[in-house]
Amino acid sequence: MTLPIQIGPAWGLLGNFDDTNVRGTLATGGASGVKGSWTQLIASVPYECCGFYLSIYFRDSIDYLFDLGVGASGAEAVLVGNLLGCARTTDANAHGIYFPVRLRAGVRMAARTQGSSSSGLAYYGLTLFRGGPDVISASKVVQYGAITTSKGVAVAGSNVANTFGSWTEIVAAASMVDNLAGLLVNISQNGGTKSNTFQRWQIGIGASGSEQVVLEWGSAVLSGIGVTMDRGTGMGILPVRIKAGSRIAVRVMNVTAIATAANRTYDVVLHGIVP
Amino acid sequence: MTSPGMLSLLAGPGTGRQSPPVGMSTASNTTLASPGSTNTKGAWTQLSASLPFDVCGILINHQDTGGSVNGAQLYDLGIGASGSEWPVIENIYNQNYDVSSSDGLGNFGAKYWPVSLRAGARLSARQQLNSLSAKSAQLSVSLFAASLAGPAGSRVIAMGAVTASTSGTVVGPASSTAWGSWVELVAACPVDVVAIMPYVFSQQGATADYVYTATDIAIGAAGAEYPIVERLLTAMDDNNNKANCGTNIALCGWLPCAIPAGARVSARMKHMRSDANTAHQMILYGLAA
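In structure tokens, the structure reads:
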């Protein structure tokens, strides 16, 4: 059996959703760069879940970090922290991600939002998957790379075509305390004006100068948008296993030369699935 | 909260040390052979002569190339010797976006497919286009090494793919914010399915305003549909199928839903705003046990 897709009988039924407006529950961001208050999404999860599909709808033209939490009001614990979002006012922006994380029946679920500008709007919807006996789940999701300005670690490509930029550390070995069974890659624009190109990304583990590639993929960049299907969280959770204590770094290559640094720089946040 | 021996059940050491992905040279993918006629699969193009290790899943990396008009593609990934290829993933859908780009762009991006492939297998791909002037697909494949934990799915089927027009099944209601009717994707699921990945997308060439769409998926006879997944939210951009931070071709990922062979599968949609071009299409990919 292969995480993260969890083979087995399950079904996903409505958790919270505003059918009239086709969106979830609003959780408004706090001051610029500050998490807003926790907003309840579900008072009591109706059955034990093997995972959930989280949809987040956001449309203010700012950068976002999203938290999903569990626990009683005033005692919420972050379950999925600092999902990165980058929105443009004129477009529809959303995350839609399945997390194979188990939820106990009766647990309260909440969300909170922060933005690079105050009072950013985000709507959180949950579809709850009830698993069969052969469905496995992870226990929690950790994140590396989110910073208080509602961005991730800036990763710059080289200004030379077909040449990797430098490795950029996302998390130091000493700070990586969990074994990971899966990886969710979350990439956003980091400003600049992106031009059409094709990219080759690598994620490596190991000391600086001795990085070993554990994940590599290629993707296109769209002019003026800079974020394609696999950006954000579009690749979903991938079965990449990383030991606790590993330093994780990222680098990127562009098929075309991009002279301006801002136009070849991206924000990166990594989310790890902890068994 | 975690199953005993959880780590032993999980996938192996990621992509292994396969670099670059098969089919990629420096930072360019392999261009698939152009089909000879519209809406008909072309010849198979080899991506790897021999996979270097047992694989539990692949990440298909997509870009477009050539062409003079925006179009739509359906492509297959296959294994087997030349002349004897067998589709292990069928009818993966993509729309072209920026025909003016010399770099060739599609809005598909990279997507994970949890199929089990043996070391030594020859991997190839083929495509069909809705116009011979449309851009062709360029592909490479990142390999995820299998562990001793057991296989992933055996193959992926496409429910709702319409090969005659290189498209999907129209599910979303146009010019309405009411729930649409249930629309059949397949009268009888051909295999036992253990996981699903819904693709929701705007009609190729349609120019819709930005819209959020909720999708329900059900099994059961017409008039007695039983939902197995509710309210999958997807987002569509306001220009012609641009992809952005949000979803376009749906990013729902693989969901742990089992569908028995023989089941009728259907879907319905609801949009947050009314637009003449919101008659969204859908293909439901199913992972066979």
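First to last, the protein sequences are chains P and H. My numbering runs 28 ahead of the 1-based position in the first sequence. My numbering runs 119 ahead of the 1-based position in the second sequence. C-beta: ideal position from N, C-alpha, C; glycine also. Note that the coordinates shown come from a computational prediction; the quantities given were computed from them, not determined experimentally.
Do residue i and residue j have their CB atoms nearer than 8 Å?
i, j, result
"L170(H)", "G272(H)", "no"
"N187(P)", "A285(P)", "yes"
"I338(H)", "I402(H)", "no"
"I70(P)", "L154(P)", "yes"
"E244(P)", "P140(H)", "yes"
"V207(H)", "R274(H)", "yes"
"V169(P)", "I301(P)", "yes"
"R387(H)", "W298(H)", "yes"
"L406(H)", "Y126(P)", "no"
"Y194(H)", "A152(H)", "no"
"T296(H)", "M391(H)", "yes"
"S274(P)", "A201(P)", "yes"
"S167(H)", "L258(H)", "no"
"N218(P)", "A174(P)", "no"
"T353(H)", "G124(P)", "yes"
"V183(P)", "Y294(P)", "yes"
"V213(P)", "L298(P)", "yes"
"H399(H)", "G291(H)", "yes"
"P267(P)", "A166(P)", "no"
"S145(P)", "S216(P)", "no"
"F320(H)", "Y231(H)", "no"
"A105(P)", "G97(P)", "yes"
"A146(H)", "N224(P)", "no"
"I177(H)", "V260(H)", "yes"
"G134(P)", "V73(P)", "yes"
"V205(P)", "Y172(P)", "no"
"Y75(P)", "R130(P)", "no"
"K389(H)", "A333(H)", "yes"
Taking C-beta pairs closer than 7 Å, name the residues in chain H that residue i reaches, listed in chain order.
i, result
"C77(P)", "In chain order: nothing, as chain H lies at least about 10 Å away."
Counting only Cβ pairs nearer than 9 Å, list the residues of chain H close to residue i.
i, result
"M204(P)", "Within 9 Å Cβ-Cβ: nothing; M204(P) doesn't reach chain H, min ~15 Å."
"Y126(P)", "C371, G372, W373, L374 and P375"
Can you tell me the Cβ-Cβ gap for residue i and residue j, rounded? I've got them flagged as a contact below 8 Å.
i, j, result
"G220(P)", "A122(P)", "That belief does not hold up - the Cβ atoms of G220(P) and A122(P) are roughly 23 Å apart, past 8 Å."
"M281(P)", "Q227(P)", "6 Å"
"V459(H)", "A408(H)", "It is not possible to answer for residue 459(H), since the shown part of chain H is limited to 120 through 408."
"I347(H)", "C308(H)", "The Cβ separation is near 12 Å, so there is no contact."
"Q247(H)", "N158(H)", "6 Å"
"D394(H)", "V330(H)", "6 Å"
"F86(P)", "L42(P)", "No, F86(P) and L42(P) are not in contact; Cβ-Cβ is about 21 Å, not under 8 Å."
"T448(H)", "S255(H)", "This structure does not reach residue 448(H), given that chain H is present from 120 up to 408, and the question cannot be answered."
"E209(H)", "I276(H)", "6 Å"
"W195(P)", "R292(P)", "Wrong, their Cβ atoms sit about 15 Å apart, outside the cutoff."
"T53(P)", "G64(P)", "Not confirmed; about 13 Å, so no contact."
Can you list the residues of chain P that residue i reaches, using a CB-CB cut of under 7 Å?
i, result
"I140(H)", "Here the sequence assigns Pro to residue 140(H), which means Ile is not the residue at that position. Chain P residues near P140(H): E244, W245 and G246."
"Y231(H)", "M263, G264 and L266"
"S261(H)", "E244 and W245"
Could you work out which residues of chain P lie near residue i, taking near to mean beta carbons separated by less than 8 Å?
i, result
"L178(H)", "W245, M263 and L266"
"N148(H)", "F226 and G246"
"M75(H)", "As shown, chain H starts at 120 and ends at 408. That puts residue 75(H) outside it, with no answer to give."
"T285(H)", "The premise fails here: T285(H) is roughly 19 Å from chain P at the closest Cβ pair, so nothing lies under 8 Å."
"L182(H)", "With the sequence shown as reference, residue 182(H) is identified as Gln, and Leu is not the correct amino acid for it. What Q182(H) touches in chain P: F226, G246, S247 and A248."
Output, in chain order, the set of chain H residues within a Cβ distance shorter than 8 Å of residue i.
i, result
"V283(P)", "T145, A146, S147 and D222"
"I286(P)", "The premise fails here: I286(P) is roughly 12 Å from chain H at the closest Cβ pair, so nothing lies under 8 Å."
Name the chain P residues that come within less than 9 Å of residue i, Cβ to Cβ?
i, result
"V414(H)", "With chain H running from 120 to 408 in the structure shown, residue 414(H) is simply not present."
"F172(H)", "Within chain P, no residue comes near F172(H); the closest Cβ sits about 14 Å away, beyond 9 Å."
What are the residues in the segment 80 to 105 of chain P lying within 9 Å of chain H by C-beta distance? Y81, S83, I84, Y85, F86 and R87
Segment contact flag, the segment 135 to 155 of chain P with the segment 79 to 90 of chain P, C-beta cutoff 8 Å, min 3 pairs: yes
Near-chain H residues of the segment 168 to 198 of chain P (beta-carbon distance less than 7 Å), N- to C-terminal order: N190
Is it a yes or a no for the segment 251 to 267 of chain H touching the segment 179 to 186 of chain H, going by three-plus beta-carbon pairs under 8 Å? Because the criterion of three Cβ pairs below 8 Å is met, the segment 251 to 267 of chain H and the segment 179 to 186 of chain H touch.
Touching or not, the segment 230 to 247 of chain P and the segment 177 to 191 of chain P, by the rule of three or more beta carbon pairs under 8 Å? Short answer: they don't touch.
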